[in-house]
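*Asks:*
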DNA sequence: CATCTGATGTGTACAGTGTAAACATACTTG
DNA sequence: CAAGTATGTTTACACTGTACACATCAGATG
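Chains as they are written, first to last, in the numbering used here: chain A, 1398 to 1607; chain B, 1398 to 1607.
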């Protein structure tokens, strides 16, 4: 019997199941716990207790703890893409728009340190998990590349005069430098005004697009 | 009885104790294990087994696992300072020297990913541990600042024309961007030639010193 | 209706972790 | 020699992620 039939059956069914599925409640609860206390500090047992189910129930919906977190990250970063597109839709010169977008990304990462940490600060042994993490960053990278291309076009630069992929990757590295530094050493380091730092850094890596 | 006396006594003693102290053997063995397999994958029990002592013996010499690693990191990064000073002592224009130094730092981090990870990629709740980690990076930052200052002087820039601390911190952020990105997503990401990337990034953040 | 099946939850158990506490031994010093 | 201290071991505890076997129950099928 095909799996699709069973799925359809479940969807057609209108019996009074809990209004919001356990799967979603788990993800929602875990999101809060992870964000507040960090991935490693939160055990599956505590998530279960907070949700109101047994710890093993979580495994019916997520293969393991890492999958649970990765699923949360995917959701988080898809919200970032929304923010990004809406920012990039506002009018103005391409360069200004892209600089604001980069700012948006940096600020988003800093305000979601745990999601950033697990997605971008955990060394990935090559494998399927690594591929999913790369995939999470892909939409952002696409928009970055498009932004660079548009800036180049607006300034009349040919593809011989500027390496678009390289420029995009440099901006990417700058983003991760800012996010990583400010997340790990945020409060402990004598930063020279973080806000101005972000702006200067963004200016520096987009200067060749002026 | 003062502690200093006991220490002196131990040093004066020439009895046939093991030629290299257990403390050093632990650090040396743990260094290798951490570097090869990563901090979290190596348990105190395995370190003990590899050294040839009981796991709890380690605690006589290091307060806990984190202290052990931190001690290893301090040693590692002090070797980096040596490399850095010897590189910076070579002749040539200040700008060229500084660019080579930045390259040295980046390459050093990439070839010691586990030390980098624990020192710079683990969020630090403000406290004494965080202070020690900041202290580890301080000598590097001092040399960076000096390098920037010398470049500025060589080009005749006054302190009104260039914010030395800000410039140094931007370079620092670029270093961590490169190191972090290449360490976490090194093999998994379609990098546009990492070596050229490093060079371009370094050029970008030192352009205003040309 | 009775029966069967698959999805979803629970309880128990296991192998592993870092490390606190009590104990054993050997070396230094009064 | 006696006392004390530095250094090591053994045992035990509280915790982790999760494999496995079982219970329950909704819907499909005879």
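A virtual CB, placed ideally from N, CA and C, is assigned to each residue, including glycine.
Hey, out of B:1545, B:1536, B:1588, whose CA is closest to residue 1497 (chain B)'s CA?
*Replies:* Ranking B:1545, B:1536, B:1588 by Cα distance to residue 1497 (chain B) puts B:1545 first.
*Asks:* Which first and last residues belong to the alpha helix (DSSP H) in which residue 1504 (chain A) is found?
*Replies:* Residues 1491 to 1508.
*Asks:* How far does the alpha helix (DSSP H) with residue 1537 (chain B) in it extend, from its first residue to its last?
*Replies:* That run of the alpha helix (DSSP H) goes 1525 to 1552.
*Asks:* Would DSSP call residue 1607 (chain A) helix, strand or coil?
*Replies:* If DSSP states are grouped into helix, strand and coil, residue 1607 (chain A) belongs with coil.
*Asks:* Note down the Cα distance separating residue 1578 (chain B) from residue 1560 (chain A), rounded to an integer number of angstroms.
*Replies:* Each residue's alpha carbon lies about 20 Å from the other.
*Asks:* With distances taken Cα to Cα, identify the nearest neighbour of residue 1525 (chain B) among B:1464, B:1454, B:1432, B:1513.
*Replies:* If we check each option's Cα against that of residue 1525 (chain B), B:1464 comes out closest.
*Asks:* Is the Cβ of residue 1570 (chain A) closer than 7 Å to any Cβ of chain B?
*Replies:* Yes, contact with chain B.
*Asks:* To the nearest angstrom, how far is it from the Cα of residue 1433 (chain A) to the Cα of residue 1522 (chain B)?
*Replies:* Straight-line Cα distance between these residues: approximately 13 Å.
*Asks:* In angstroms with no decimal places, state the Cα-to-Cα distance between residue 1462 (chain B) and residue 1441 (chain B).
*Replies:* The straight-line gap from Cα to Cα measures roughly 7 Å.
*Asks:* Looking at the secondary structure, which residues open and close the alpha helix (DSSP H) in which residue 1589 (chain A) lies?
*Replies:* Counting along the chain, residue 1589 (chain A) falls outside any alpha helix (DSSP H), and DSSP gives it neither H nor E.
*Asks:* Looking at the unbroken alpha helix (DSSP H) that takes in residue 1451 (chain B), where does it start and where does it end?
*Replies:* Element bounds for residue 1451 (chain B): n/a, residue is neither H nor E.
*Asks:* Is the beta carbon of residue 1503 (chain A) less than 7 Å from the beta carbon of residue 1576 (chain A)?
*Replies:* Yes, the pair counts as a contact, with Cβ atoms nearer than the cut-off.
*Asks:* How many angstroms separate the CA atom of residue 1527 (chain A) from the CA atom of residue 1564 (chain B)?
*Replies:* Rounded to the nearest angstrom, the two C-alpha atoms are 34 Å apart.
*Asks:* By how many angstroms is the C-alpha of residue 1562 (chain B) removed from the C-alpha of residue 1601 (chain A)?
*Replies:* Going by the C-alpha atoms only, they are around 15 Å apart.
*Asks:* State whether the stretch 1534 to 1548 of chain A contacts the stretch 1472 to 1491 of chain A, with contact taken as three or more CB pairs (one from each stretch) at a distance under 8 Å.
*Replies:* Output reads yes: the stretch 1472 to 1491 of chain A touches the stretch 1534 to 1548 of chain A.
*Asks:* Short of 8 Å Cβ to Cβ, which residues in the stretch 1499 to 1516 of chain B face chain A?
*Replies:* Listed by position, the residues of the stretch 1499 to 1516 of chain B near chain A (Cβ gap below 8 Å) are 1510, 1514.
*Asks:* Could you give the distance in angstroms between the alpha-carbon of residue 1424 (chain A) and the alpha-carbon of residue 1439 (chain A)?
*Replies:* Each residue's alpha carbon lies about 13 Å from the other.
*Asks:* Is it true that the CB of residue 1495 (chain A) sits closer than 7 Å to the CB of residue 1570 (chain B)?
*Replies:* Cβ atoms of residue 1570 (chain B) and residue 1495 (chain A): not closer than 7 Å.
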